[in-house]
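Residue numbers (mature numbering (1 follows the signal peptide of the UniProt record, and there is no 0)): 13 to 312.
For every residue, glycine included, the Cβ atom is placed at its ideal position computed from N, Cα and C.
No experiment lies behind these values; they were computed from the predicted model shown.
Structure, as structure tokens:
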Ligand code: SD4
């Protein structure tokens with residue numbers, strides 16, 4: 013197909029992540045290497061408070077990270093609730109490649125990372141700590157969904173990165189990494205490290221990833237659903253729209269107040285997205301369309 017290789021990812025900062033992934037794809041490199049390299053960009057970004065270092069903490073002040081990765085053979089790896097390790101996506105890849113398991117959590121994930129040479133670091137920045145302390149005063153330690161992402165004017169913003177790439181050989185891989193909902197309960201895990209929820213890849217069909225309130229995505233096994241709908245002939249956009257519809261159907265009132273967005277690509281390199289609310293964007297990079305930011309369609 014004409015537009016391969018290609019890489020797409022969630023939100024405006026996906027542009028910088030795509031750029032890094034593109035360096036690998038344009039040389040004929042593997043989609044798996046591309047999505048790992050791309051996801052590491054927001055993980056290291058001090059201005060991104062929803063991914064990796066500088067992520068907002070949970071309500072007890074711990075920065076706990078979730079990530080997963082999946083390749084063209086259906087291999088996958090993930091970490092959840094991992095503290096003190098700056099690049100969870102790379103640890104997720106090692107779980108996939110070096111262990112017989114798929115998901116490591118908490119202390120076990122951190123221990124595994126340290127055994128593989130990752131540095132133990134403080135991830136809470138003074139700025140994130142300040143935001144957390146301010147939250148503590150206003151919200152009295154109650155876990156509230158979505159609060160950190162509600163923007164003036166009723167817009168909802170999130171910053172988790174989900175990335176999907178197809179390499180020159182036509183192989184698909186995906187990555188998803190986040191610090192999760194800010195001020196979450198300690199131990200809370202969202203959709204992002206859950207294969208089938210935050211990310212799913214089937215090399216015969218395509219891939220999907222999600223962002224937003226993870227609980228609703230887990231309940232609907234969102235990314236798996238999007239890929240299965242594409243298998244049945246839905247376009248990427250229509251598949252994402254249908255997955256949003258399921259969330260609205262189950263929770264019509266909640267859906268008006270929370271953001272969830274899906275992003276998908278099919279085997280031909282066609283892509284699309286759909287969200288509950290306005291404000292979701294995604295970034296596209298291929299040989300022709302470098303640095304493109306596209307607003308996702310939405311219900312509300
Ligand atoms: C989660 N889906 O932990 C993630 C949150 C997110 O930007 O997308 N934040 O539920």
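Short Cβ contact (8 angstroms threshold) for residue i with residue j
i: residue 11; j: residue 187; result: Residue 11 lies beyond the range of the chain shown here (13 to 312); nothing can be said about it.
i: residue 117; j: residue 89; result: no
i: residue 321; j: residue 196; result: Not covered by the structure: residue 321. The range shown for the chain is 13 to 312.
i: residue 191; j: residue 63; result: yes
i: residue 101; j: residue 281; result: no
i: residue 81; j: residue 105; result: yes
i: residue 47; j: residue 175; result: yes
i: residue 288; j: residue 256; result: yes
Cβ neighbour criterion (16 or more within 10 Å) applied to residue i
i: residue 242; result: buried
i: residue 39; result: exposed
i: residue 93; result: buried
i: residue 121; result: buried
i: residue 166; result: Because residue 166 sits at a pLDDT of 47, beneath the cut-off of 50, its placement in the model cannot be relied upon, and the point is left open.
Straight-line gap, residue i to residue j (C-alpha atoms, nearest Å)
i: residue 53; j: residue 189; result: 11 angstroms
i: residue 305; j: residue 132; result: 35 angstroms
i: residue 225; j: residue 292; result: 13 angstroms
i: residue 217; j: residue 238; result: 10 angstroms
i: residue 240; j: residue 253; result: 13 angstroms
i: residue 301; j: residue 29; result: 15 angstroms
i: residue 311; j: residue 20; result: 22 angstroms
i: residue 228; j: residue 193; result: 13 angstroms
i: residue 284; j: residue 247; result: 8 angstroms
i: residue 145; j: residue 232; result: 33 angstroms
i: residue 79; j: residue 141; result: 22 angstroms
i: residue 244; j: residue 50; result: 30 angstroms
i: residue 65; j: residue 75; result: 8 angstroms
Cβ-heavy atom distance, residue i to the ligand SD4, below 7 angstroms
i: residue 193; result: yes
i: residue 172; result: yes
i: residue 57; result: no
i: residue 223; result: yes
i: residue 21; result: no
i: residue 204; result: yes
i: residue 226; result: yes
i: residue 78; result: yes
Distance between beta carbons of residue j and residue i, contact taken as under 8 angstroms
i: residue 235; j: residue 208; result: 6 angstroms
i: residue 297; j: residue 23; result: So it is not a contact: roughly 14 angstroms between Cβ atoms.
Any C-beta of chain B under 8 angstroms from that of residue i
i: residue 255; result: Absent from the structure: chain B. Only one protein chain is present.
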